[in-house]
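Below you'll find the structure, written out as structure tokens, and then a few comments.
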Amino acid sequence: MKKVMILSGAGLSAESGIRTFRDHDGLWENHDVMEVCSTQGWIADRQKVTQFYNDRRADLASKEPNHAHKVLAQLEHDYRGRVIHLTQNIDNLMEKAGAKDVIHLHGTLTDLRCEACTQTFSVEYAPQEGDECCPHCGNKRVRHNVVMFGESAPQYSHIQEAVRGCTLFIAIGTSGAVIDIIPLAKAFKNSILIDPKRQETASTFDPHAYIDEYFENFIQKKAGEAMDEMMDIITEHMQGR
Ligand code: APR
705 MKKVMILSGA GLSAESGIRT FRDHDGLWEN HDVMEVCSTQ GWIADRQKVT
755 QFYNDRRADL ASKEPNHAHK VLAQLEHDYR GRVIHLTQNI DNLMEKAGAK
805 DVIHLHGTLT DLRCEACTQT FSVEYAPQEG DECCPHCGNK RVRHNVVMFG
855 ESAPQYSHIQ EAVRGCTLFI AIGTSGAVID IIPLAKAFKN SILIDPKRQE
905 TASTFDPHAY IDEYFENFIQ KKAGEAMDEM MDIITEHMQG R
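Numbering (this note's numbering), first residue to last: 705 to 945.
Dropping the structure here:
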């Protein structure tokens, strides 16, 4: 059965006004990513990191899903069970667009996580004040539910599962800097890369190659502008034998 694997990154939410990570010399909202998204940064200054995610969460309240989020949510609905969408994004714009099954590989900004039982609970867009306690076990040590550099990402187990079970791979708005999309593209006969920029491979064995050379289709457009072409390819693929 034809199934689609989607791996999305910060570029998917760029047209909703949420900045990407590496389009601005590695600064994310004027912070060094490693300062606010690494275990070292967390150990060095819990309050600074907590405040950073409080600011991001508050900012997210005013952000709306863009055209690409809506098309992907509709795709999930129309092909129920035949679309596996894995996102590196911690925003909830796919859910705001109506998606139900998106797998958040790097966590979710609108949740906190208990450091004792590791279960999560929603705070929507409210700041973490420091007096919260886990509704599941009562523990008082809770934190942002975002996977930081230096931590394991348990949801990554879904990546290989999706590679095994799907027939079309689509990478949308990701530089591949954290999850290398070249091996994923090479594992599929049919694939689409959606990105307005051509990214050079970071690999040494192929220093002068571009990531799009590993994909069957390269739609060099912003996510919102690429949806019609993407849907044409998906529809033909899903109808194929
Ligand atoms: N539409 C599609 N792609 C876009 C758009 C857009 N409107 N604007 C930018 N892009 C592309 C950029 O060209 C780039 O290739 O989106 C990609 C964004 O890359 P990154 O900023 O590296 O974001 P991402 O790949 O999601 O980063 C992966 O790194 O910092 C960690 O945990 C963080 O999940 C994040 C991970």
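Backbone N, C-alpha and C fix where the C-beta goes; we use that ideal spot for every residue, glycine too. Given the structure is predicted, the values throughout are model-derived calculations rather than measurements.
Run the proximity test for residue i: is its beta-carbon closer than 6 Å to any non-hydrogen atom belonging to the ligand APR?
| i | result |
| --- | --- |
| L944 | Per the sequence shown, the amino acid found at residue 944 is Gly instead of Leu. No; taking the cut-off as 6 Å, the Cβ of G944 has no heavy atom of the ligand APR nearer than that. |
| S766 | no |
| Q792 | yes |
| H808 | no |
| E719 | yes |
| D763 | no |
| V753 | no |
| K804 | no |
| F756 | no |
| V882 | yes |
| T724 | yes |
| S879 | yes |
| K926 | yes |
| D899 | yes |
| A714 | yes |
| V737 | yes |
Can you tell me whether residue i is buried or exposed? The criterion is at least 16 other CB atoms within 10 Å of its CB, across all chains shown.
| i | result |
| --- | --- |
| N770 | buried |
| R868 | exposed |
| G745 | buried |
| F756 | buried |
| N734 | exposed |
| S826 | exposed |
| M705 | exposed |
| A714 | buried |
| E780 | buried |
| Q792 | buried |
| K774 | buried |
| R761 | buried |
| A765 | exposed |
| F853 | exposed |
Identify which residue in the options has its Cα closest to the Cα of residue i.
| i | options | result |
| --- | --- | --- |
| P839 | E819, P911, A748 | E819 |
| I898 | V882, D910, Y918, P911 | Y918 |
| H912 | R902, N921, E920 | R902 |
| S717 | R761, C821, D795, G785 | D795 |
| G877 | V753, M709, E920, P900 | P900 |
| N843 | L764, I938, I722, C821 | C821 |
| Q864 | D749, R723, D936, L809 | L809 |
| V753 | R817, D815, H848 | H848 |
| H862 | D805, E739, K890 | D805 |
| N921 | M934, E929, G944 | M934 |
| T724 | M931, E833, S879, R784 | S879 |
| I883 | G834, Y829, T905, D932 | T905 |
| A830 | A748, D815, T824 | D815 |
| A801 | A875, K925, D936, Q778 | Q778 |
If I follow the unbroken beta strand (DSSP E) through residue i, where does it start and stop?
| i | result |
| --- | --- |
| I942 | The sequence given here has Met at residue 942, not Ile. Where M942 is concerned, there is no enclosing beta strand (DSSP E), although the alpha helix (DSSP H) it sits in stretches over 927-943. |
| R648 | Past the boundaries of the shown model lies residue 648; the chain is included only from 705 to 945, so the question cannot be answered. |
| A875 | 872-876 |
| N770 | Counting along the chain, N770 falls outside any beta strand (DSSP E), and DSSP gives it neither H nor E. |
| D815 | 811-818 |
| S712 | 708-712 |
| V753 | Segment 750-764 is the alpha helix (DSSP H) holding V753; no beta strand (DSSP E) there. |
Can you confirm whether residue i, when its beta carbon is compared against all beta carbons of chain B, has any partner nearer than 7 Å?
| i | result |
| --- | --- |
| F725 | The displayed structure is made up of one protein chain only, and chain B is not part of it. |
Our contact map puts residue i next to residue j with C-beta atoms below 8 Å; I'd like the distance itself, whole angstroms only.
| i | j | result |
| --- | --- | --- |
| I885 | L776 | I885 to L776, Cβ: 17 Å. No contact. |
| H941 | L888 | Between L888 and H941 the Cβ distance is about 17 Å, and since that is not below 8 Å, they are no contact. |
Terminal residues of the continuous alpha helix (DSSP H) containing residue i?
| i | result |
| --- | --- |
| V882 | No alpha helix (DSSP H) holds V882; DSSP gives it neither H nor E. |
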